[in-house]
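K.L.:
Residues in the sequence shown are numbered from 1 upward in steps of one, following UniProt numbering.
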Amino acid sequence: MLMNLTGLALQRIHRPTTLQLRPSEEIFKLHFLQACLTLYLLAVLSVKVSATYKNSDIKTAIVRPETLGIVPRKTRHTVAFTLTKPYNIFLQVNGNVFDGLHLFTNQIEDAVPSKDSPDVIYYGPGLHKISGNVDVASGQTVYVAGGAVVTTGGFNLPNTTNISIRGRGVLLASSRAEIPVAHSRNITLEGFIGINVLPRTYAAKNVVIKKVRAISSVQWGDGIDIFCSNNILMDHLFLRTSDDSVAIYNRRWQWYGGTTNITLQNSALWAGVAHPINIGTHGNPESPETTDGVLIRNVDILDHREGQILF
């Protein structure tokens, strides 16, 4: 099995390190204070992970979501466990939800777009500093390769069709940045890790958001917001957010209309503030709208905190 793994600790973000490793019984080790490490691995059946915790002795250790059934083995300063397929997990030690390790894993892609294509905006491995937002035109693909970190103010794709933003790399912002799918259709967001770079749909149709991992630590840091949109699929997500993880709304600001056919499935949601799932709240009392066809299934709720906490 080909797998790509990215480890994120919460303390700080650095440029990723990319290594090529051969299969072995102990594939790699990750230290909790190494903030971002991306590995490309070839494993025959499984991957063994060993993480060293340096802050204190390890008394308890769990791998979340616990529904995955991954039971770690621990020593005084080390936790080890085995992955038999790609998962998005959080390794929690001594009950501390802040001093832990996020590990995001994928199967290696087999359909990487050509960086020479005129319809591809390609970010290869390394650090890319973008001032302002990236404009994306209809028919284009934005590809963020594994090992790439793109610092950006977000992406602009209003009134567009047939766009994909995908890859295995990291989109990073120090303040809240959006991927606003506004009055657009046939849009796919897939695979990337967003740190304060968060998808939104505004009066959009036919949008797929899958295998996206997002972490936010900013005010109004909702993971995904759906406004007045139709036919939206959210699948295999991991969202740890500083506001609602997923919010489904009708009319707000300049956006009008009902919201229909929304599916959220096979995901893990962790709301450090507010709600893992929020439906309603905004609407149009003068001309009532409708939310219908909302399907939520197979979702792990990792935390739900109504009150504000400090990040």
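Even for Gly, the Cβ is constructed at its ideal location relative to N, Cα and C.
(1) As an exercise, report each continuous alpha helix (DSSP H) stretch of at least 4 residues that is fully enclosed by the segment 68-115, in chain order.
(2) By the DSSP assignment, the beta strand (DSSP E) with Lys129 in it spans what residues?
(3) Between Asn192 and Val144, is the Cβ-Cβ spacing less than 7 Å?
(4) Expressed to the nearest angstrom, what Euclidean distance is found between the alpha-carbon atoms of Pro199 and Ser56?
(5) Locate the beta strand (DSSP E) running through Thr259, then write down its first and last residues.
(6) Just the C-alpha distance for Gln92 and Thr290, rounded to the nearest angstrom, thanks.
(7) Buried or exposed for Ser287, going by 16 or more other Cβ atoms inside 10 Å?
(8) Got a sec? Which residues, its chain only, sit under 6 Å from Leu233 by beta carbon, not counting five neighbours each side?
(9) Within 10 angstroms of the Cβ of Pro285, are there 16 or more other Cβ atoms? Answer buried if so, exposed if not.
(10) Output the distance between the C-alpha atoms of residue 316 and Val170, rounded to the nearest integer angstrom.
(11) DSSP state of Glu190, grouped into three classes?
(12) Return the CA-CA distance between Ala137 and Leu157, expressed in angstroms with no decimal places.
(13) What is the residue span of the beta strand (DSSP E) that Ile58 lies within?
(14) The beta strand (DSSP E) with Leu295 in it runs from where to where?
(15) For Val112, which residues in the same chain have their Cβ closer than 8 Å to its Cβ, ignoring the five residues on either side in sequence?
(16) Return yes when the Cβ of Ala80 is within less than 7 Å of the Cβ of Ser50, no when it is not.
(17) Please report the residue range of the beta strand (DSSP E) in which Val150 lies.
(18) Hey, how far is the Cα of Ala182 from the Cα of Val150?
(19) Can you tell me whether Gln107 is buried or exposed, with buried defined as 16 or more other CB within 10 angstroms of its CB?
(20) Under 7 Å between the Cβ atoms of Tyr123 and Lys115?
(21) Where does Glu66 sit, in a helix, a strand or coil, going by DSSP?
(22) Would you decide whether Ser216 is buried or exposed? Buried here means 16 or more other CB atoms lie within 10 Å of its CB.
(23) Using a Cβ-Cβ cutoff of less than 8 Å, which residues in the same chain neighbour Val134 once the five nearest sequence positions on both sides are dropped?
P.N.:
This is what the structure gives:
(1) none
(2) Counted from its first residue, the sequence shown places residue 129 at position 129. 126-129 is the span of the beta strand (DSSP E), which, as asked, contains Lys129.
(3) Counting from 1 along the sequence shown, the entry for residue 192 is found at position 192. Counting from 1 along the sequence shown, the entry for residue 144 is found at position 144. Note on residue identity: the sequence assigns Phe, not Asn, to residue 192. A contact, by the Cβ cut-off of 7 Å.
(4) Here residue 199 refers to the residue found at position 199 when the sequence shown is read from its first residue. Here residue 56 refers to the residue found at position 56 when the sequence shown is read from its first residue. Their backbone Cα atoms lie some 37 Å apart in a straight line.
(5) Mapped onto the sequence shown, residue 259 falls at position 259. Where Thr259 is concerned, the enclosing beta strand (DSSP E) stretches over 259-271.
(6) On the sequence shown, residue 92 is found 92 positions in, with the first residue counted as 1. On the sequence shown, residue 290 is found 290 positions in, with the first residue counted as 1. Taking the straight line from one Cα to the other gives about 41 Å.
(7) Taking the sequence shown and counting its residues from 1, one reaches residue 287 at position 287. It is exposed - the Cβ of Ser287 has fewer than 16 other Cβ atoms within 10 Å.
(8) One-based indexing of the sequence shown puts residue 233 at position 233. These residues qualify, in order along the chain: Val208, Thr263.
(9) Taking the first residue of the sequence shown as position 1, residue 285 is located at position 285. Exposed, by the Cβ-count rule.
(10) One cannot answer for residue 316 here, as it falls past the ends of the chain, which runs 1 to 311.
(11) Looking up residue 190 in the sequence shown gives position 190. Glu190: strand per DSSP, three-state reduction.
(12) For the purposes of this step, residue 137 is taken as residue 137 along the sequence shown, with counting starting at 1. For the purposes of this step, residue 157 is taken as residue 157 along the sequence shown, with counting starting at 1. Cα to Cα, Ala137 sits roughly 7 Å from Leu157.
(13) Working through the sequence shown from its first residue, we reach residue 58 at position 58. Segment: none, Ile58 is in no beta strand (DSSP E) and carries neither H nor E.
(14) For this step, residue 295 is matched to residue 295 along the sequence shown. From DSSP, the beta strand (DSSP E) with Leu295 extends over 291-304.
(15) Reading the sequence shown from its first residue, position 112 is the one you call residue 112. For Val112, where only same-chain residues beyond five positions count, the Cβ hits under 8 Å are Tyr143, Ala145.
(16) Numbered from its first residue, the sequence shown carries residue 50 at position 50. Numbered from its first residue, the sequence shown carries residue 80 at position 80. Against a cut-off of 7 Å, the Cβ pair of Ala80 and Ser50 comes out as a contact.
(17) Locating residue 150 in the sequence shown gives position 150, where the first residue counts as 1. That run of the beta strand (DSSP E) goes 148-151.
(18) As a working note, residue 182 is residue 182 in the sequence shown. As a working note, residue 150 is residue 150 in the sequence shown. Roughly 22 Å between the two C-alpha positions.
(19) Counted from its first residue, the sequence shown places residue 107 at position 107. Exposed, since its Cβ has fewer than 16 Cβ neighbours within 10 Å.
(20) In the sequence shown, counting from the first residue as 1, residue 123 sits at position 123. In the sequence shown, counting from the first residue as 1, residue 115 sits at position 115. No. Outside cutoff.
(21) To locate residue 66, count along the sequence shown from 1; it is residue 66. Correct three-state label for Glu66: helix.
(22) Locating residue 216 in the sequence shown gives position 216, where the first residue counts as 1. Result: buried.
(23) Here residue 134 is taken as the residue at index 134 of the sequence shown, counted from 1. Around Val134: Ile121, Val142, Thr152, Gly154, Phe155, Asn156.
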